[in-house]
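These notes are about the structure you will find just below.
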Amino acid sequence: MATQTLTIEQRLENAKAALTKADQSQVLKFIDELTDEQKDQLLGQIESVDWVEVTRLVQSHVLNTPEFKKPDSIEPAPYLPRIPTKDLADQYKQAKKHGEKLLRDGKVAAFTVAGGQGTRLGWNGPKGSYPATAIRKIPLFCCFAEFIRKAEQKFNTTIPWYIMTSPINDAATRAFFEEHGNFGLRPDNIMIFPQGMMPAFDAKTGKALLESPDTLAMAPNGHGGSIKALYTSGAVADMKERGIEQLSYVQVDNPLVKVIDPLFIGLHAQANAEMSSKALPKAYAKEKVGVFCKVDGKTTVIEYTNLPDELAEKVDDKGELVYKGGSIAIHVIATDFIERINTQEGGFALPYNRADKKVAVWDEANNVTIKPEVANAVKLETFVFDALPMCSESVILETDRIEEFSPIKNADEEGALDCPATCKQGQTERAARWLQTAGVIIPRKEDGTVDAVIELSHIKAIDPEDLKDLDLPTEIDAGTEVLI
Ligand code: UTP
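So the sequence shown is numbered by this note's numbering: it starts at 19 and just counts up by one.
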């Protein structure tokens with residue numbers, strides 16, 4: 019019988035049965051004190067959880083930490099170089115042309131995962147609303163919208179934009195888009211949909227936590243949740259209707275990312291790949307990034323915590339790291355692939371990962387929700403790159419930090435990395451690189467870094483080649499702020 023047709027009492031009986039089996043009855047502790055409306059809200063949350071799966075995951079991931087089993091067959095995954103070697107030059111030229119054609123034919127959409135909670139940054143609002151650019155301080159969402167608008171104009175096309183939120187920030191994200199007139203994009207080309215959630219568990223007892231008497235403490239189920247949510251939300255059906263074949267996947271926190279990259283899209287499509295990735299060569303052996311490997315012949319990202327030291331540190335006869343390609347969450351995904359794995363017999367499941375986090379919980383003695391000072395809970399998350407081994411074909415293309423990677427993860431503080439200050443510097447360095455290629459003289463400090471703050475708006479250029487149409491200064495003065 020459908021849940022809507024059951025009475026609150028019947029739903030409560032069902033919830034009790036499922037929770038008793040899962041040894042999680044504590045979430046109903048305050049049920050007798052709740053109004054019908056509150057009961058409905060708590061039962062709705064309980065009904066959204068697979069408690070059989072939870073029972074298994076609490077044992078494997080909360081009360082214990084899953085052990086990584088080194089695969090029998092593991093080797094580094096090869097990747098294509100950022101700058102093509104002579105023998106690849108023609109392939110790159112053809113691939114870029116092909117990517118541009120797919121764009122012109124309206125077969126490419128942009129996809130941003132923005133369902134994370136951004137706890138490290140500590141911004142009060144969806145992370146996409148964070149004022150990110152070096153001079154104008156435009157929000158991350160606006161930065162991506164400008165990129166899309168420029169790409170639409172450049173390729174005379176429409177690029178639909180799919181955005182994954184979570185039930186926690188969905189309403190705020192929609193309101194932000196509305197408030198800003200969808201950043202100049204047509205609203206019917208933007209689709210915002212929420213991802214799935216998982217309860218948070220007490221790290222010591224494995225019990226699901228309550229945030230208040232009528233609310234389970236729940237968290238988004240990781241960016242891997244996008245593979246399912248794209249399908250269940252109807253986004254894939256919408257893409258099929260529009261004739262979208264390829265989805266350009268980016269994260270919300272990296273304003274340098276090429277939201278649309280014709281070369282990458284073309285290399286992926288020409289190889290008939292199902293999901294492809296960009297790789298950033300590791301700066302040093304133990305850098306904290308997942309590494310692209312081939313496990314039993316399948317492209318797989320192995321987390322730095324799991325990659326054995328002897329592999330992480332292995333060098334070839336030129337002294338180069340062998341396991342070098344770091345994963346930075348930039349992908350192209352074929353629409354057909356998302357549909358295929360969501361509709362295949364037996365479905366699909368991405369593995370869960372354990373994250374120890376601070377989660378606000380209900381303090382019964384003081385009748386208040388408290389935010390802990392230290393991590394008290396375990397959140398369970400899936401990662402999108404764990405879909406890679408399910409692909410028949412997968413391409414990896416190298417990029418570099420200056421060109422495309424300066425995420426905002428942490429708040430600004432002395433010595434912080436991946437924070438607004440390092441991102442501002444990153445934006446300046448890339449703008450300077452592009453401007454220098456176009457002949458502009460760039461002031462530099464003794465250590466080689468740029469002695470100015472430069473913001474190059476995406477509405478003006480999304481690729482160095484776009485600079486040729488612009489009226490550029492011949493030189494940038496040291497110590498100045500320059501907006502182009
Ligand atoms: P992060 O792993 O940096 O997590 O997400 P976060 O939640 O944003 O930040 P912290 O860890 O709480 O500080 C990387 C990207 O994946 C998205 C984020 O929005 C970001 O674009 N993401 C993450 C989701 O869409 N859903 C999730 O459940 C987790």
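No residue lacks a Cβ here, since even glycine has one placed at the ideal position from N, Cα and C.
Asked: Residue 438 beta carbon near the ligand UTP (any heavy atom closer than 6 Å); Found: no
Asked: Host beta strand (DSSP E) of residue 415 (start-end); Found: 414 to 416
Asked: Among 31, 433, 83, 353, the one whose alpha carbon lies nearest that of residue 258; Found: 353
Asked: Residue 264 beta carbon near the ligand SAM (any heavy atom closer than 6 Å); Found: This structure lacks the ligand SAM; its bound ligands are the ligand UTP.
Asked: Residue 138 beta carbon near the ligand UTP (any heavy atom closer than 6 Å); Found: yes
Asked: Buried/exposed call for residue 361, threshold 16 Cβ in 10 Å; Found: exposed
Asked: Residue 116: CB within 6 Å of a non-hydrogen atom of the ligand UTP; Found: no
Asked: Residue 238: CB within 6 Å of a non-hydrogen atom of the ligand UTP; Found: yes
Asked: Rounded straight-line distance, which links the Cα of residue 478 to that of residue 488; Found: 8 Å
Asked: Euclidean distance between Cα positions of residue 482 and residue 36; Found: 58 Å
Asked: Contacting residues, own chain, Cβ-Cβ under 6 Å from residue 19 (five flanking each side not counted); Found: Unreliable positioning characterises residue 19 in this predicted model, as indicated by a pLDDT of 46, which lies under 50. A coordinate reading is not provided.
Asked: Length-filtered (4 minimum) alpha helix (DSSP H) runs lying within the stretch 206 to 266; Found: 243 to 250, 253 to 260
Asked: CA-to-CA distance, residue 218 to residue 378, given in whole angstroms; Found: 10 Å
Asked: Residue burial classification, residue 26 (beta-carbon count within 10 angstroms, cutoff 16); Found: exposed
Asked: Beta carbon of residue 95 nearer than 7 Å to that of residue 414; Found: yes
Asked: Chain-order list of residues whose beta-carbon lies under 6 Å from that of residue 342 (same chain, five-residue window excluded); Found: 299, 300
Asked: Top-ranked residue by Cα proximity to residue 447, from 439, 458, 468; Found: 468
Asked: Bridge partner(s) assigned by DSSP for residue 179; Found: 128, 208
Asked: Residue 134: CB within 6 Å of a non-hydrogen atom of the ligand UTP; Found: yes
Asked: Per-residue burial, residue 500 [other beta carbons within 10 Å of its own, 16 or more giving buried]; Found: buried
Asked: Under 7 Å between C-beta atoms of residue 133 and residue 213; Found: yes
Asked: Boundaries (first-last residue) of the alpha helix (DSSP H) holding residue 388; Found: Not the alpha helix (DSSP H): residue 388 falls in the beta strand (DSSP E), residues 386 to 388.
Asked: The ligand UTP heavy atom lying under 6 Å from the CB of residue 392; Found: no
Asked: Span separating the alpha-carbon of residue 69 from that of residue 211; Found: 24 Å
Asked: Residue burial classification, residue 384 (beta-carbon count within 10 angstroms, cutoff 16); Found: exposed
Asked: Span of the alpha helix (DSSP H), counted from its first residue to its last, around residue 54; Found: 54 to 65
Asked: Given 8 Å, three or more beta-carbon pairs between the stretch 138 to 150 and the stretch 277 to 296; Found: no
Asked: Simplified DSSP assignment, three categories, for residue 468; Found: strand
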